[in-house]
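In my numbering, the protein residues as written are -1 to 265.
Below, the structure is given as structure tokens:
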């Protein structure tokens, strides 16, 4: 069983929700990224998203755009990120996903990319600029190497929600609101309607991301689904603290876990 499936099965058995943090690989450097990932797992994170820096991250707001620039300026490459995951695998068996853009996979080569994902312990990939209808561009190769391609669904998916949710593997990434990533003070999405459509069709757990910035928002979002994804709020800590961000980031994750884990799952 893939680590992603196993983790959600374990959480369901305990009646708990998942916390899934995000960091940009190489921001401010890969050594700090390694420490951040391990510290977040120790603080209670269940799965980890590692962002692959890209020169034109169209789905990202300014916080993660700046993180990508810092990471690229520090010399971060996909090869170095695979080496990072290989090092992490000596210290943790928790699920690790890469979030990256489709062009990064194509430029690297699909076979080479997914082969190295498998060899180094990457469990899944999230490709935010890949339309659902074009998922076959990578799906066959990902499955060949045992890597889960995570589907994304947004409130603007409308009549496509059922189609996307019913075919999802691992977990379904539910985008909380329209626009790019970034912390938000309020959400305008009708979550009862959005998640109602998702739960009628999804055969896998659902996790919500984009804009969740504090424990209160995380707790509210956890009431709708099986997991909460937090990115920009953590990247802001890394931006502010740099190489000294490990402890404050872990403390923030701990506070998020306290909020999310307190929301009981339906058995």
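Even for Gly, the Cβ is constructed at its ideal location relative to N, Cα and C.
field: residue 90 beta carbon less than 8 Å from that of residue 301
entry: Beyond the ends of the chain as shown, which are -1 and 265, falls residue 301; an answer cannot be given.
- prompt: Taking the C-alpha atoms as reference points, what is the distance between residue 77 and residue 125?
  reply: Here the question's residue 77 lines up with position 79 in the chain shown. Here the question's residue 125 lines up with position 127 in the chain shown. The alpha-carbon atoms of residue 77 and residue 125 are separated by roughly 18 Å.
query: When burial is assigned at 16 or more other CB atoms within 10 Å of the CB, is residue 41 buried or exposed?
result: Taking the chain shown and counting its residues from 1, the one referred to as residue 41 is at position 43. By the neighbour-count rule (16 or more Cβ atoms within 10 Å), residue 41 is buried.
task: Taking 8 Å as the cut-off, decide whether the C-beta atoms of residue 170 and residue 95 are in contact.
output: Looking up residue 170 in the chain shown gives position 172. Looking up residue 95 in the chain shown gives position 97. It is not a contact, given that the beta carbons lie outside the stated cut-off.
query: Considering only C-alpha positions, which residue in the set 135, 191, 1 and 121 is nearest to residue 154?
result: Within the chain shown, the letter at position 156 stands for residue 154. Considering only 135, 191, 1 and 121, the residue with the shortest C-alpha distance to residue 154 is 191.
message: Am I right that residue 51 and residue 34 are in contact with their C-beta atoms under 8 Å? What's the rounded C-beta distance?
response: On the chain shown, residue 51 is found 53 positions in, with the first residue counted as 1. On the chain shown, residue 34 is found 36 positions in, with the first residue counted as 1. Contact flag wrong, Cβ pair sits at about 15 Å.
- request: Measure the alpha-carbon distance for residue 47 versus residue 28 and round it to whole angstroms.
  value: Walking along the chain shown from the start, residue 47 turns up at place 49. Walking along the chain shown from the start, residue 28 turns up at place 30. Taking the straight line joining both Cα atoms gives about 15 Å.
- prompt: Of all the options 253, 258, 230 and 252, which has the alpha carbon lying nearest to the alpha carbon of residue 25?
  reply: Translated into the one-based positions of the chain shown, residue 25 becomes position 27. The shortest Cα separation from residue 25 among 253, 258, 230 and 252 belongs to 230.
message: Buried or exposed for residue 210, going by 16 or more other Cβ atoms inside 10 Å?
response: Taking the chain shown and counting its residues from 1, one reaches residue 210 at position 212. Label assigned to residue 210: buried.
- prompt: Helix, strand or coil for residue 223 per DSSP?
  reply: Locating residue 223 in the chain shown gives position 225, counting from the first residue. When DSSP states are grouped into helix, strand and coil, residue 223 belongs to the coil group.
field: Among 228, 87 and 227, the one whose alpha carbon lies nearest that of residue 115
entry: Residue numbering aside, residue 115 sits at position 117 when the chain shown is read from its first letter. Comparing Cα-Cα distances from residue 115 to each of 228, 87 and 227, the minimum goes to 87.
query: In terms of alpha-carbon separation, which member of 14, 187, 151 and 97 lies closest to residue 79?
result: Here the question's residue 79 lines up with position 81 in the chain shown. Of 14, 187, 151 and 97, the residue nearest in Cα terms is 97.
- prompt: Unbroken alpha helix (DSSP H) runs of length 4 or more, entirely within the segment 226 to 251: which are they?
  reply: The segment 226 to 251 contains these whole alpha helix (DSSP H) runs: 230 to 239.
message: With distance defined between alpha-carbon atoms, name the residue in 140, 148 and 110 nearest to residue 127.
response: Along the chain shown, read from residue 1 onward, the residue named residue 127 stands at position 129. For the options 140, 148 and 110, the alpha carbon positioned closest to that of residue 127 is the one of 148.
query: Nearest CA to the CA of residue 235: which residue from 61, 221 and 187?
result: As a working mapping, residue 235 is identified with position 237 in the chain shown. Nearest of 61, 221 and 187 to residue 235, Cα basis: 61.
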